[in-house]
Amino acid sequence: MKKLAAGNWKMNGTTSALTEVQALLAAHPAPACEMLLCPPATLIAQMATAASGSGLLVGGQDCHPKASGAHTGDISATMLKDAGASHVILGHSERRADHGETDALVRAKAVAAMAAGLVAVVCIGETEAERDAGKTLAVIGGQLDGSLPAGATAATLVVAYEPVWAIGTGRTPTLAEIGEVHAFLRDRLRGLIGDEAAAVRLLYGGSVKPSNAAEIFAVPHVDGALVGGASLKAADFGAIVAALSA
Ligand code: 13P
């Protein structure tokens, strides 16, 4: 399976940041892995235009479960698709925390994303207190069960394991801990969607940077990364793309 280097710009970037996209494409015109950037919604259309004809895919960071209607400030999966997106991040821990998103809501959003023809990048991950209490696998197993839509396939679903305590902190789990979680996720996915599970990309996210990318990508069942801070700079994200392409 092709690995996936995904970048989540979060609430960062205005038009001037698109120079980073040009620099990324100049340095990596034909990477061996898939490359995805998820900018703020305001930049999706412009980034999609800049990426047109290149290997770069563009995604949203959230969508509403409904296709249209009276939901002020929200964006539907159909609208993301129309703006040029191919993917959408769903259930990021920042949305689960800031907006009270539940597994059931994430699942409804994933259903909407798939119906609109988008790949759903579903995020799960334990808090530090949950890890310290030995509940990591129980928590992420429950999130996976509750967040995945029926009928998900390797072509419509990517799963991102992002330990909450590793996001933006510079701290990461040990390679053994990442390996334990990813092997568990592959197994749990098989129970949910059968043989298709073997081809679903399982991303690791949380303080991925050029200096730790290669060792994390060598862990079995790590099929790519979901990168926050280091995806904002072409040089850093490009180094992660290179590590995944090796
Ligand atoms: P950082 O790479 O900045 O730790 O963020 C990870 C993340 O939340 C990606 O979705």
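When the letters of the sequence shown are read in order and numbered with this note's numbering, they come out as residues -19 to 226.
Idealized CB from N, CA, C, for every residue including glycine.
Exercise for review: Could you check the C-alpha separation between residue 46 and residue 144 for me, to the nearest Å?
Suggested key: On the sequence shown, residue 46 is found 66 positions in, with the first residue counted as 1. On the sequence shown, residue 144 is found 164 positions in, with the first residue counted as 1. Straight-line Cα distance between these residues: approximately 28 Å.
Exercise for review: Take residue 182 as the anchor and find which of 174, 26, 169 has the nearest alpha-carbon.
Suggested key: Residue mapping note: residue 182 aligns to position 202 of the sequence shown, counting from 1. Out of 174, 26, 169, 169 has the C-alpha closest to the C-alpha of residue 182.
Exercise for review: Could you have a look at residue 151 and say whether DSSP puts it in helix, strand or coil?
Suggested key: Mapped onto the sequence shown, residue 151 falls at position 171. Coil, per DSSP.
Check your understanding: Say the cut is 7 Å; is the CB of residue 148 nearer than that to a heavy atom of the ligand 13P?
Key -> Taking the first residue of the sequence shown as 1, we reach residue 148 at position 168. Yes, the Cβ of residue 148 comes within 7 Å of a heavy atom of the ligand 13P.
Exercise for review: Consider the C-beta atom of residue 53 and the heavy atoms of the ligand 13P; say whether any pair is separated by less than 7 Å.
Suggested key: On the sequence shown, residue 53 is found 73 positions in, with the first residue counted as 1. Not under cutoff, so the answer is no.
**Study point:** Per-residue DSSP class, three states only, for residue 44
**Key:** Position 64 of the sequence shown, counting from 1, holds the residue named residue 44. Strand at residue 44.
Review point. Beta carbon of residue 208: closer than 7 Å to some heavy atom of the ligand 13P?
Key: Position 228 of the sequence shown, counted from the start, is the residue given in the question as residue 208. Within the cutoff, so yes.
Practice item. Measure the CB-CB distance between residue 1 and residue 30 and report whether it falls below 8 Å. Key: Start at 1 with the first residue of the sequence shown, and residue 1 comes out as number 21. Start at 1 with the first residue of the sequence shown, and residue 30 comes out as number 50. In this structure, residue 30 lies closer than 8 Å to residue 1 by Cβ.
Review point. Whose C-alpha, out of 106, 148, 134, is nearest the C-alpha of residue 178?
Key: Taking the first residue of the sequence shown as 1, we reach residue 178 at position 198. Checking every option, the nearest Cα to that of residue 178 belongs to 134.
**Study point:** Residues near residue 220 by beta carbon distance below 7 Å, same chain, minus five either side
**Key:** Mapped onto the sequence shown, residue 220 falls at position 240. Hits under 7 Å: -15, 188, 190, 193, 205, 207, 210.
Point to revise | Buried versus exposed, by CB contacts within 10 Å (16 or more), residue 67 | key: The residue labelled residue 67 in the question sits at position 87 within the sequence shown. Classification for residue 67: buried.
Check your understanding: Expressed to the nearest angstrom, what Euclidean distance is found between the alpha-carbon atoms of residue 50 and residue 223?
Key -> Counting from 1 along the sequence shown, the entry for residue 50 is found at position 70. Counting from 1 along the sequence shown, the entry for residue 223 is found at position 243. Those two C-alpha atoms are separated by around 44 Å.
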